[in-house]
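Structure first, commentary second.
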Amino acid sequence: MNAVEFQHVAKSYAIYESPGGRLTELATLNRLRRHRDFLALDDVSFSAERGETFCIIGQNGAGKSTLLQIVAGILTPTSGRVEVNGRVAALLELGAGFNPEFTGRDNVYLNAAIMGLSKRQIDQRLQSIEDFAEIGDFVHQPVKTYSSGMLMRLAFGVAIHVDPEVLLVDEALAVGDFYFRQRCMRKVHELRARGVTILFVSHAVNDVRAIGDRALWLDHGRVAAIGGADEVVTAYLAAMAEKEAGEARKPWLPREISEPGLEGPAPVLRSIPNIDQRRGDGGAEIIGIGVFDRDGRPLPQLEPCQTVMLRVSARANRRLARPVAGFVMRNHLGLDFAGADTEREGTELGALEPGEIVTVDFVLDLPELYPAAFSFSPFIADSAGMDYTVCDRIDNAIALQMARSEQQVYGYMYAPCRVEVNARLRTAHLSEKPLG
């Protein structure tokens, strides 16, 4: 018997153009239709076996949270059959099921009782829950005074201590600090080993790959793919990369870039795949960016320990006495991961006159990074005199997925190290009486 089973499940919501539409339908006993149907889930079928970690991925609005709420019994499906076997513990919306006026301890008793535990059972687990949450004396304060991280700590502590047979996790770990997040992931692995079925929703595809047995990719409420976690995540990321390339924005200014007369082997790039944000005084502009291999071929993805060339083309709109070109490399969390510029690397570009174009190649020896999406944000600046003026900077102009390494990468990257055996002592030596 499967722990969770969906058969042709659909969930529909009535969307009204105005509040009066609902009243009109009620007054006419639905003879006058004043709404349109929105299918949050459409013909979804899957099964999660006992002891399996089943992950659900997809873009915002794909129906992931709706699916978990149906499993939890919060929502009922419009059509189809849902079967859930076993005690369910859910970490859905942050603070869901917590009374903000109650203390943390009161909410522990309330939530655990809702999940079917007796007061005696809760008494036996209370200290373990408090120790896991690590919120100290705040457990005696109303939860309305808690930070989002404290609230998540307590909610997660309750959920894993009620002996669930099915655990639902919906992006709950995203608000935790790194230390606590690692503790939670270790606990998830412990629950897996105990045979607990876990339905895990996350945008962190690396977590999905790390803990998932199988994955379901939802796209606008429909099943796009289902199978092994690694295969489904790979297909999902490839589709997102293709979508991003298809929605590439045009250069900032609608002028054609004229290449005749340019000297040197480096061509001018005239494509910017993406523009999340753009800022600068306009004294110069980025007109193209690309990532290439050693032979100058565009790269579809990054490889660990690979040498790549990031090429940036820029045009001066006014005279730049001391131009500086560079980039910032960001990880999937939006954190600035690395960066470089011509001034730091000791390369002088020379003054640029209005209308002049410069193309700069940054050759990078990538370390062994964890498999995630990395983006490059190029910039062009003028550092003449004591001033440093940003002329143009584009956030996340191009993004590529890092392929998986043959060896597991712990943390963010593998730092090469040298291992030396300092000494080896026989057991007999260790038992000798110390001198003196």
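Take 43 as the starting number for the sequence shown in the working numbering and just add one per residue. Note that beta-carbon positions come from the ideal geometry of N, C-alpha and C, so glycine has one too.
Taking the Cα of VAL405 as reference, the smallest distance to any Cα among LEU411, VAL432, ASN373 and GLY368 is reached at GLY368.
Assignment of ILE164 by DSSP, reduced to helix, strand and coil, places it in the helix class. Burial of ILE112 is indicated by the presence of at least 16 other C-beta atoms within 10 angstroms of its C-beta.
Between ASP173 and LYS229, the alpha-carbon positions lie close to 14 angstroms from each other. In this structure, DSSP gives ILE268 an extended state, which the three-state scheme calls strand.
Residue burial annotation: GLY332 is buried, with at least 16 other C-beta atoms found within 10 angstroms of its C-beta. For PHE416, the pairing in a beta bridge is given by DSSP as LEU442. Short of 8 angstroms from the beta carbon of THR145, and not among the five residues preceding or following it, lie these beta carbons of its own chain, in chain order: VAL181, HIS182, GLN183, PRO184 and VAL185. For TYR452, no beta strand (DSSP E) segment is defined, and its DSSP state is neither H nor E. Contact check for VAL243 against GLU207 fails: the beta carbons are separated by 8 angstroms or more. Annotation for SER313: GLY330 place their beta carbon closer than 6 angstroms to its own, counting only its chain and skipping 5 residues before and after. With respect to the 8 angstroms criterion, GLU47 and ASP255 are not classified as neighbours on the basis of their beta carbons. Looking only at PRO365, GLU410 and PHE418, the smallest Cα-Cα distance to GLU398 is reached by PRO365. In the three-state reduction of the DSSP assignment, TYR456 falls in the strand class. Judged by DSSP secondary structure, GLN111 falls within the alpha helix (DSSP H) whose first and last residues are 106–114. By the Cβ criterion, the segment 459–469 is not in contact with the segment 400–414, since fewer than three pairs of Cβ atoms, one from each stretch, lie closer than 8 angstroms. With fewer than 16 other Cβ atoms from the protein chains shown falling within 10 Å of its own Cβ, LYS161 counts as exposed. Taking C-alpha positions only, ALA326 is separated from LEU408 by approximately 29 angstroms. If you check the CB distance, PRO315 and ALA439 come in under 8 angstroms.
Straight-line measurement puts the Cα of MET282 at about 37 angstroms from the Cα of GLY388.
According to the DSSP assignment, GLY376 belongs to no alpha helix (DSSP H), since it is labelled neither H nor E. By a beta-carbon distance limit of 8 angstroms, ALA131 contacts LEU209. Their separation comes to about 5 angstroms.
Spanning the alpha carbons of PRO119 and HIS231 requires a straight line of approximately 31 angstroms. According to the DSSP assignment, MET192 belongs to the alpha helix (DSSP H) that extends over 190–202. Looking at the DSSP output, VAL400 sits in a beta bridge with ALA356. The straight-line gap separating the alpha-carbon atoms of ALA280 and GLN443 is approximately 9 angstroms. The C-beta distance from ILE164 to GLY139 rounds to 15 angstroms, too long to fall under 8 angstroms, and the pair is not in contact. DSSP places TYR55 within a strand segment (E or B) once states are collapsed to three. Excluding residues up to 5 positions away in sequence, VAL150, ASN153, ALA154 and ILE171 lie with their Cβ nearer than 7 angstroms to the Cβ of VAL200 in the same chain.
ASP261 carries a strand assignment under DSSP once its states are collapsed to helix, strand and coil.
When C-alpha distances from CYS97 are compared across VAL250, LEU196 and LEU168, the shortest belongs to VAL250. The three-state secondary structure of HIS245, taken from DSSP, is coil.
A distance below 7 angstroms between beta-carbons, with the five flanking residues on each side excluded, links MET192 to the following residues of its chain, in chain order: ILE177 and PHE180. Burial state of ALA358 is buried, judged by a 10 Å Cβ sphere holding 16 or more other Cβ atoms. For ASP179, the secondary structure class from DSSP, reduced to helix, strand or coil, is helix. Listed in chain order, the non-local C-beta contacts of ASP337 below 7 angstroms within the same chain number zero, local neighbours out to five positions each way being set aside.
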